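Chemist: I'd like to ask some things about the structure below.
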Amino acid sequence: MTKMKLVNVMEEIVTGLVRYFLHSPEYQTFCHCEECQLKIAAEALNHLPAYYAASENEREEIFNELKNLKQMESINKEIIRAIHEAGKRKHFAK
Ligand SMILES: [Zn+2]
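Each residue of the sequence shown is one higher than the one before, counting from 125 in my numbering.
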């Protein structure tokens, strides 16, 4: 049996979408680095409800639930807002 742990399905969806958005032509002027991706994901996730799953079945169930059109609309909106929010701050590279 694999080790069990809690998974925030919202986090999985949002981190995937942030990467996707930042690599689309529309957002090519924004920084793509790992740090900025995480910052944007955190910013978006702080404004979205967490959806925890305790098993793989539950994870899939929640994933399918969240993919319904209305939910995705508000998730996308929140991510776009987060990209612009993070884009206002300067990225201080090391
Ligand atoms: Zn960056």
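Glycine is no exception: its CB is placed at the ideal position from the N, C-alpha and C atoms. Everything numeric in this text was worked out from a predicted model, so none of it was measured.
(1) Can you have a look at alanine 174 and say buried or exposed, based on whether 16 or more other CB atoms are within 10 angstroms of its CB?
(2) Ignore the nearest five residues each way along the sequence and tell me which others in lysine 218's own chain have a CB closer than 7 Å to its CB.
(3) Output the boundary residues of the alpha helix (DSSP H) element that contains glutamine 161.
(4) Using a Cβ-based criterion (distance less than 7 Å to any ligand heavy atom), does glutamate 189 qualify as near ligand 1?
(5) In chain order, what residues of the same chain have a beta carbon less than 7 Å from the beta carbon of valine 133, not counting five sequence neighbours either side?
(6) What residues sit near ligand 1, counting only those whose C-beta is closer than 6 Å to one of its heavy atoms, in chain order?
Modeler: If we stick to the structure as given:
(1) Taking the first residue of the sequence shown as 1, we reach residue 174 at position 50. Under this definition alanine 174 is an exposed residue.
(2) Stepping through the sequence shown from its first residue, residue 218 is reached at position 94. Bear in mind that a pLDDT of 43 at lysine 218, under 50, signals an unreliable position, so the model cannot answer this.
(3) As a position in the sequence shown, residue 161 is number 37, starting the count at 1. Start and end: 158-169.
(4) The residue you call residue 189 lines up with position 65 of the sequence shown. Because no heavy atom of ligand 1 lies under 7 Å away, the Cβ of glutamate 189 does not count as near it: no.
(5) Your numbering for residue 133 matches position 9 in the sequence shown. Around valine 133: Tyr175, Ala177, Arg183, Ile186, Phe187 and Leu190.
(6) Cys155, Cys157, Glu159, Cys160 and His215
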